[in-house]
Each structure stands twice: as C-alpha cells, then as structure tokens.
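Pasting the structure below:
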C-alpha cells in the first residue's frame, strides 16, 4: 500500500459538506401486520427554494429499503390504512409549497389525490375503520384577500382575520370532505375514537402559538361535525391524545408543575371527571405517547441524557421494553403494529447516525435491530470518544452532560473547551449524533476541541422538580451548574482554563449572552438566535406566555425580575469576543435581539460580528446558510482559542 493509499484509509473528521448534505429518516410508521415500516427520508438542508423528501419502506425482518415515492416533491407523513393495503401521505406535488392528501397502493403504483383542497396541512391519520382520513388544514386565502394583495390594498390589523387550523374529515371512497371542528377555534392536535364516530380535539381561541401556554380545551366532536362536547380545560396542551380501546378514557401528556411541558401522563374519563396521573413521581420526562396494542400505551421517555421505551398500562403500571443497553436517543415518533408486539423507531447515539430500528417484544431478550444505514460515511469518520459526565454544582445537586473528547485525545493533555448550551430552556441534550448546524460537537471535536453539552437545572429528563427549578431563578442555577461543569473538566485535566469557549442557540443563546455578562473566563462566544433583553424579547417573540413558566408575572406588571436576569443590564462587564448569528425571519426570537447585543458590544469596544440569514426563521434550513454558519462557528473558535490553526 502506498503512502497516499494509507493516508486515504485513515478516518478523517467530518467535513462541512457532509454535515449539510446527509439525509436523515423520520416518522417511522409500522404496518398493521408488523411486516413493513414506512418512513420519510429528507436531507438535513434545503438545496432549492422548496424542501424535498421521499417516503421509503423497509421490511421489518430486514432487507433493502426501497424508495416508495419519487422524492421530487415534499412527500411526508406516510400513514398505513388499517388493512395495510394503502399508504396515505401528504405531498405538494400539485403546487409547490401547498400540500394535499394522496393515497397509493401499499405495493406501489400511481398516487391518487383524495382531497380537493391544498395549502398548509399536517397530522394526517386514518379512522380505525379505514373509511376516512382526517387532517389539520389551515384556512386558505379567500379570493377577496388575494385580490387585495394583488392590488396592494393589504394593510394588516393585528389579531384579527385569523387563519385557523381546522380538522377536516375526508370520505375516501366518496371523495368528499368537510371541516368538522368548530369555527373560530384552533385545533392543535386530535385523536380518533376506536369506533371511528368521534374525535377528541385540543382547542385554543386563536391560532397564536402563544395560546398553547395558556388555557387549552379538550372537546369531543362527531365525525360528521356538530356541537362539540367539552371534556376538560387545563393550562397547556393535552399532548399526544390517545383513546382507550373501550372509548371510555383519554390519555395525554401534560405539565407536572409550573412549567408548561408534558412531563407526566394522565388519564381522564371521556364523559368528564378528574384526571388521574399515570406516572406520579416519575424521575424522568415523558416525551411522547402512542397506542400499544389494544390494552396499553407506548411511552417514549427521557432519563438523563438517554431515552427509553415503556409499556404503560391504563392503570399506571410501567414496564421497560428495553434493557439499559444500548443507551441512545429515540425520535418522538414510535409506532407499534396492531398486536402491540412489533415496534419501529428512529434511533441514534453519539456514534450512530439516526436510522430506522425495530424491536420485537416476542423475542426472549428484546433488543433494537437496525434496518437502515443511510450515512455510513458519517459513522466511518474520525469521531471523538463520548463520555457521560456528572458533577456537583450547588450542595447536593448533581448535574449531567455529554463530553465529546477531541479526535486523538490523549489523557493528561489539556484541550480548548467549548460549552454548547441547549435551547428551551425546558429541553435537554441527549446521547445523540451531534453533527448538524444546530449541534456542533462532532464538528468541533474533529478540529481538536473538547465539547461539553450540559443539562443544567431547567432541563428535562430528571423529573419535574429539576425542570421547574428555574422558576424565580432564571439564569441563576443554570449559570452555577454550567460553570461547575467547566471547573470539573479543568480539575480532571481535560480543559485548558485559558482556552474556554461558550455558545448555543435560542435559550442557549440567551445563556451565552448571560454568561459573557457575568464572567470574563471565556475567550470566545457564539450567540445564536439569543435574547439578551428579557423585557424586549417578551414583546417581540411569539410565545410571551412561556415566560410565565419561569417568572411570577409578565414584565408589564413587574419588569424588575426580567431586567435583573437580562444580559443587557450587565453588558458593560463583557469582554468576550462574541459572534452573533440570527435568521432574519425569526418569530420565536426576533432578529432585533441579536442586533441589540451587537450594538451593545460594538459600542463598548468588544470584538463582535453580527451575521444574519435572509429567509430563515428560528431554524436555519438552507444549505448554503447552514454551511456558512458551521464554518463561521469553527472559524470564530479557531481564531480565539486555537489561533495556530485559524486561517
């Protein structure tokens, strides 16, 4: 073997091109007989104006996956008919950017459109008897509205003329469809009753996303439409609504404390009554809920940085479906066949990219079996060792996170450390293949960095007491937890205290701004879609009510607690060179927040750079934008933490 051949056979770190061009499967849907799994395969970035994805199918028992739709359009949400003979799905093949409902024979053939409407649609599902399809469809523009827009007579009055997302039911054979949810109400989620005659809906008064953090109502409507029957009201959504097989109960995820998040699973009688918690005292976090056969629920759960699956009975008995190994991360969607014995998931961990895996409960020792392998080149790259780390913060408080060691790590040698903080804050880092525009660990580890991905208090996966710890202490316990993690890695001899970096997106961007206003220990920072001013963000973002999970009242009633935990109040203390990144169409965290941080640092003479991405919202979708972002993040840290390799 020549020297060049030897060099080419040595694994190389992941490239930016690999990070932004690979494809990831999602939404695994197992057939009723358990023989096949349909799923969506989509590139991690949009190369063209409109996103594209294809539906694929793979045998449960193993074999080559095959492409079911052409992938020239946005084909998604594959749904098996109850008899397994057809696949329904959403597609924008008739008009790009506007979806409609299609059906194809399960063995392939021509797609038949079964809904004469098109536009914004989601949450497609079959009725249990296989006669109907339901879908959430947002009211389209009227002809009058289109005419006014063409004539530029388009003044907007805020909070009027809402476009509601309503529930439509399609009679597949008759080719007819009708909206069955009440007018003037937004439907966020729904579930069919076992007899196909009713649907449970989660409603809010307006389509503003902020409503999901306020009072929501669950009602029952007849399949053919009619007056809704109230079931219950609560603060926050009733997520993953699921009927019991006898039609007597609804199960759902909802908050377990002040923070509006689906931590626990509840059961409530359809005819009305008090909810019963099925997971009281659970020290993990319920992430998703699905039917499991005729008599149980399938719960996807976070437990620390790892995830697992449970069989949850309607009486609250939990049975873990997998042994503790292998640890990793499940996508929220997990589906079971009609018998509840076969399960399909998308699974990943720090060294395995997301793929379709299956599980048979009929096996003596049920274990995950891989059924797709779409990105072998990613897994064959030079990846640093990943360790689950734990440290003590405040007395008696143990914090957990993931440490990505640099490629070629040698014990006893110190390395530049980048701390990447997750968004939310009611969210978490899990044992995942961290290699996208949003997760920088593998990209940085390949460049010689150690990367800490911490789950400070406020994170999920540790029970509601842990996730509710931010109330009245926003930025406080999080800051102490993160800094204690940095000190822990310095004490272990891994992190170089003179080469520390910090960054994150969304709430991770908030914490980045807060950290650089509180300490000068970091030599470089990247604030992505961050909010340095809690007061202005409350008025500019689209979910101000989310702040009531963490503050006693709004900043308009009492601004002091918000200003007290805003980086802008202390920004005169900042010295850390800070790269600021933001999507120009971001409605979650307005671009003005990034601009405010930039102007503040520029005025104070702190090295800073502000980069914005046209057409992008809170997530960065376009390929060239993702590539630019990753290269800028690496370049910024190289410049300030590893100047010898910057260039």
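Numbering (the numbering used here), first residue to last: 3 to 649. Note that beta-carbon positions come from the ideal geometry of N, C-alpha and C, so glycine has one too. Quantities reported herein were computed from a predicted structural model and do not represent experimental measurements.
| query | result |
| --- | --- |
| Through-space distance from residue 313 to residue 319, alpha-carbon basis | 8 Å |
| Anticipated Cβ contact below 8 Å, residue 564 with residue 529, distance rounded | Not a contact, Cβ separation roughly 18 Å. |
| Sequence-distant residues of its chain with Cβ nearer than 6 Å to residue 425 (five each side left out) | 507, 508, 509, 510 |
| Every unbroken beta strand (DSSP E) within the stretch 91 to 179, with a cutoff of 3 residues, ordered by chain | 100 to 107, 123 to 128, 134 to 140, 167 to 173 |
| Helix, strand or coil at residue 547 [DSSP, three-state] | helix |
| When 166, 401, 470 are compared against residue 458, the one with the closest alpha-carbon | 401 |
| Buried or exposed by the 16-neighbour rule on C-beta atoms within 10 Å, applied to residue 451 | buried |
| Burial state of residue 533 (16 or more Cβ within 10 Å) | buried |
| Whole-number beta carbon distance between residue 148 and residue 123, since they are thought to touch under 8 Å | No, residue 123 and residue 148 are not in contact; Cβ-Cβ is about 19 Å, not under 8 Å. |
| Inter-residue Cα distance where the pair is residue 445 and residue 21 | 8 Å |
| Exposure of residue 1, with buried meaning 16 or more beta-carbon neighbours within 10 Å | Because the chain spans 3 through 649 in this model, residue 1 falls outside it and cannot be assessed. |
| Continuous beta strand (DSSP E) assignments of at least 3 residues falling wholly in the stretch 18 to 60 | 25 to 32, 38 to 45 |
| Beta-carbon gap between residue 420 and residue 405 smaller than 7 Å | no |
| Reduced DSSP secondary structure (H/G/I, E/B, other) of residue 370 | coil |
| For residue 213, three-class secondary structure by DSSP | helix |
| Local Cβ density within 10 Å of residue 525, reported as buried at 16 or more and exposed below that | buried |
| Alpha-carbon spacing of residue 294 relative to residue 302, whole angstroms | 12 Å |
| Which of helix, strand or coil DSSP assigns to residue 394 | strand |
| Residue 307, DSSP secondary structure in three states | coil |
| Length of the line joining the Cα atoms of residue 640 and residue 399 | 33 Å |
| For residue 442, three-class secondary structure by DSSP | coil |
| Among 380, 559, 231, 155, the one whose alpha carbon lies nearest that of residue 353 | 380 |
| Euclidean distance between Cα positions of residue 43 and residue 29 | 9 Å |
| Under the three-state DSSP convention, the category residue 591 falls into | coil |
| Exposure label - residue 438; buried when at least 16 CB within 10 Å | buried |
| Coil, strand or helix - residue 620 by DSSP | coil |
| Alpha-carbon spacing of residue 104 relative to residue 33, whole angstroms | 17 Å |
| Residues that DSSP places opposite residue 346 in a beta bridge | 337, 360 |
| Exposure label - residue 160; buried when at least 16 CB within 10 Å | exposed |
| Bounding residues of the alpha helix (DSSP H) (the contiguous stretch that carries residue 518) | 509 to 520 |
| contact_flag[the stretch 163 to 176, the stretch 133 to 153] where n(CB pairs < 8 Å) is 3 or more | yes |
| Inter-residue Cα distance where the pair is residue 634 and residue 558 | 37 Å |
| Buried/exposed call for residue 90, threshold 16 Cβ in 10 Å | buried |
| Simplified DSSP state of residue 302, which is helix, strand or coil | strand |
| Residue burial classification, residue 628 (beta-carbon count within 10 angstroms, cutoff 16) | buried |
| Top-ranked residue by Cα proximity to residue 407, from 365, 561, 472, 491 | 491 |
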